[in-house]
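Below: one structure, written as structure tokens.
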Amino acid sequence: MSELFDITNFDSYKEDNRREVKRANGGLPIALWESYSAMANTYGGVIILGIKELDDRRWKTTGLKYADKERLLDDLWNQAHNPQKVSVNLLTEKDVKSYEVDDDLVIVIHVPMAKREQKPVYINNDIFRGTYKRTHTGDYHCSSSQVKSMLRDQIEETMDMHIIENMSLKDLNFETIHQYRNRHKTYKPDHIWNNLSDEDYLLMIGAIDKDRDGNIHPTGAGLLMFGEEYRILRQYPEYFLDYREMLDPTIRWTDRLYSSSGDWTGNVFDFYFKVYNKIALNIKLPFKIENGIRVGDTPVHRAIREVLANCLVNTDFYIPRGVVIKLEKDVLTIENPGAIRVGKYQMRLGGQSDPRNKALMKMFNLIGVGERAGSGVPELFSVWENEGWVEPIIEEKFDPDRTLLTMQFVKKVPEKSARKKVPEKSARNFSDKKVTKKTQMQYDKILNFMKDDTWYKASDFMAVLDVKDRRIKVLLNELVKSKFVVEDGSTKGRRYKKKT
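First residue of the sequence shown? That's 1 in the UniProt record's numbering, and the numbers climb one at a time after it.
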């Protein structure tokens with residue numbers, strides 16, 4: 001709890017996506033359980049009773065006294081253990097602490113992030129109307145699609161492991177299967193499965209399985225990996241894979257590959273290798289020399305392969321909008337439907353693998369992709385750090401749930417260099433105001449994130465800065481005044497572009 005609330009830092013806190021204050025003067029607030037559900041289903045957080053937030057966002061105690069403590073805590077524990085109020089109690093005694101601030105009582109409730117098996121955490125015995133998530137400083141009601149996604153994620157046997165009884169072996173594309181087998185044989189030439197028949201081989205890798213009567217059917221993973229798009233759509237109506245190459249600002253895209261085009265299979269295996277080859281062809285990397293020999297496969301190439309596979313094995317193929325890979329000048333963005341099952345922090349830290357599609361992951365592992373479970377994203381950050389590039393950005397969007405990973409092939413501005421150059425320019429150009437180091441860092445993050453000839457909304461910078469929308473607009477307005485950025489449009493539709 002100390003990282004989210006330390007009483008000695010009380011005056012520095014503001015509400016955000018992991019801190020919520022409630023007055024509690026009339027007893028335990030009804031809305032407390034909405035915040036409990038929202039935090040449990042997102043990243044966890046703290047709910048602080050006995051506080052109100054003023055117009056300038058400072059916190060002020062509301063006059064609760066120690067005489068109120070026993071009544072409030074009794075209500076809290078009674079409701080926390082009542083399944084009619086909340087689906088699961090995540091709280092223990094160590095999660096609830098009381099403090100005295102200016103002679104007033106403050107109660108701090110630490111809400112842990114729920115485990116995948118416990119989600120969705122919902123209230124009032126109503127899973128579809130009582131499930132919430134949290135974004136920025138507010139709790140919002142989850143859509144039925146988000147609730148169903150959390151329910152799918154509960155089970156250990158992932159959805160791609162289920163057999164599809166209304167399909168047969170004939171629904172798979174054997175040209176793709178043989179390409180896969182050739183890659184497996186090249187990667188593991190002595191593997192015991194290399195001499196199996198196609199049917200036995202597909203059984204071993206989890207692409208097909210037998211029903212109770214002994215009949216053979218594709219699994220979800222087999223259909224996704226080796227099926228054809230029009231057949232995949234029968235099982236996964238929202239299935240869509242899309243690669244967009246936008247290397248020339250005068251053209252909408254310089255190349256595009258999407259699963260519904262009808263001129264290729266549209267399956268996951270073919271998409272992965274076609275897209276990786278296009279990316280590898282277009283990213284500009286210095287040659288790597290080992291023992292006097294040019295090496296074509298660099299750590300950057302390997303990192304991109306890993307995160308591309310990571311995207312596909314963690315996609316929820318039942319959620320709309322599909323997988324979108326975008327390659328622009330110096331930027332690669334990978335988006336997939338579905339929230340991060342282990343949480344954004346654990347994804348960045350690594351070491352814990354919990355793929356949404358375990359059978360798909362096994363198939364990639366067998367051909368040498370994604371073998372180091374749970375290490376792909378940390379390895380990406382390490383490779384980018386070694387290259388001196390701007391740190392990748394992990395974002396989550398909700399309703400529908402989406403995970404975004406943005407990688408820039410752009411050198412970071414050295415901190416010492418920035419300190420030397422910025423103050424003189426700042427004092428002169430930023431509306432004649434002295435700029436604090438923190439504000440200057442925020443300006444730098446915005447400018448580093450912006451690509452030439454690309455328009456942005458203010459909301460695009462929220463994940464970069466982790467501040468409220470109104471603060472971002474203040475920063476952008478200063479950059480506009482100082483002629484680093486240009487703006488276009490009315491208040492609601494206003495867009496911003498880096499001045500070149």
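Ideal Cβ placement from N, Cα and C applies to all residues, glycine included.
- Message: Please state whether the Cβ-Cβ distance between A359 and D160 is less than 7 Å.
- Response: yes
- Query: Using CA coordinates, which residue listed in F449, L308, D263 is at the minimum distance from N277?
  - Reply: L308
- Item | Supposed close pair Q84, N41 - CB separation, criterion 8 Å | Incorrect: roughly 19 Å between the Cβ atoms, too far for contact.
- Return yes when the Cβ of V300 is within less than 7 Å of the Cβ of L285, no when it is not. yes
- Query: Which one of I208, H178, K94, D248 has the shortest CA to CA distance from L169?
  - Reply: I208
- alpha helix (DSSP H) runs contained entirely in the region 225 to 301, provided each spans 4 or more residues: 229 to 235, 268 to 282
- Query: If you draw a straight line from the alpha carbon of V486 to that of P218, how long is it in whole angstroms?
  - Reply: 54 Å
- Message: Closer than 8 Å is the cut-off here; do at least three beta carbon pairs connect the region 148 to 162 with the region 65 to 84?
- Response: no
- Item | Stretch-stretch touch, CB-based, cutoff 8 Å, three pairs: the region 99 to 106 with the region 133 to 149 | With the cut-off at 8 Å, the region 99 to 106 and the region 133 to 149 do not touch.
- Message: By the three-class DSSP mapping on this structure, what secondary structure does I446 have?
- Response: helix
- In three-state DSSP terms, what is K425? Note that K425 has pLDDT 42, beneath the 50 cutoff, so the model's placement of it is unreliable and the number below is only indicative. In this structure, DSSP gives K425 a helical state, which the three-state scheme calls helix.
- Please report the Cβ distance between D330 and Q235, rounded to the nearest whole angstrom; I am assuming they are in contact, meaning their Cβ atoms lie under 8 Å. With a beta-carbon spacing of about 38 Å, D330 and Q235 fall beyond the 8 Å limit used to define contacts.
- Task: Assuming I325 and I334 form a contact by the criterion Cβ under 8 Å, report the distance between their Cβ atoms to the nearest whole angstrom.
- Result: 5 Å
- Message: So, for Y13: in the same chain, excluding its five sequence neighbours on each side, which residues have a beta-carbon less than 8 Å away from its beta-carbon?
- Response: The answer, listed in chain order, is F5, R19, W59.
- From which residue to which residue does the beta strand (DSSP E) around Y140 run? 138 to 141
- First and last residue of the uninterrupted beta strand (DSSP E) at T135: 132 to 135
- Message: Check whether the region 224 to 239 and the region 257 to 270 touch, using three or more Cβ-Cβ pairs below 8 Å as the test.
- Response: yes
- Taking only the alpha-carbon atoms, compute the straight-line gap between E328 and D248 and give it to the nearest angstrom. The alpha-carbon atoms of E328 and D248 are separated by roughly 8 Å.
- What does V96 pair with, by DSSP beta-bridge criteria? I109
- Message: So for D160, helix, strand or coil by DSSP?
- Response: helix
- Looking only at C-alpha atoms, which of P337, S375, E391 sits nearest to K397? P337
- Item | CA nearest to the CA of Y201, picked from H184, W455, K451 | The shortest Cα separation from Y201 among H184, W455, K451 belongs to H184.
- Query: Mapping DSSP to helix, strand and coil, what is H217?
  - Reply: strand
- Message: Could you pull the DSSP bridge partners for Q408 from this structure?
- Response: V331
- Is the region 379 to 389 in contact with the region 106 to 120, if contact means three or more CB pairs nearer than 8 Å? By the Cβ criterion, the region 379 to 389 is not in contact with the region 106 to 120, since fewer than three pairs of Cβ atoms, one from each stretch, lie closer than 8 Å.
- Message: I'd like the span of the beta strand (DSSP E) that includes V413, first residue to last.
- Response: Premise fails: V413 is in no beta strand (DSSP E) and is neither H nor E.
- Query: CB-CB under 8 Å to L349, same chain, minus the five flanking residues each way: which ones, in chain order?
  - Reply: P378
- Task: Would you be able to state if there are at least three C-beta pairs under 8 Å between the region 312 to 319 and the region 125 to 135?
- Result: no
- Where does N336 sit, in a helix, a strand or coil, going by DSSP? strand
- Message: Quick check on DSSP: helix, strand or coil for D198?
- Response: helix
- Exposed or buried, A31, counting other C-beta atoms within 10 Å across all chains shown (16 or more means buried)? When all chains shown are included, A31 counts as exposed.
- Query: Since Y187 is in the alpha helix (DSSP H), which residue starts that stretch and which ends it?
  - Reply: 174 to 187
- Message: On the DSSP letters alone, give me the boundaries of the alpha helix (DSSP H) that K481 sits inside.
- Response: 469 to 481
- Reduced DSSP category for T8 - H, G, I as helix; E, B as strand; rest coil: helix
- Same chain, Cβ closer than 6 Å to L151, five either side skipped, listed in chain order: none
- Query: Which residue or residues does DSSP assign as beta-bridge partners of Y456?
  - Reply: Y496
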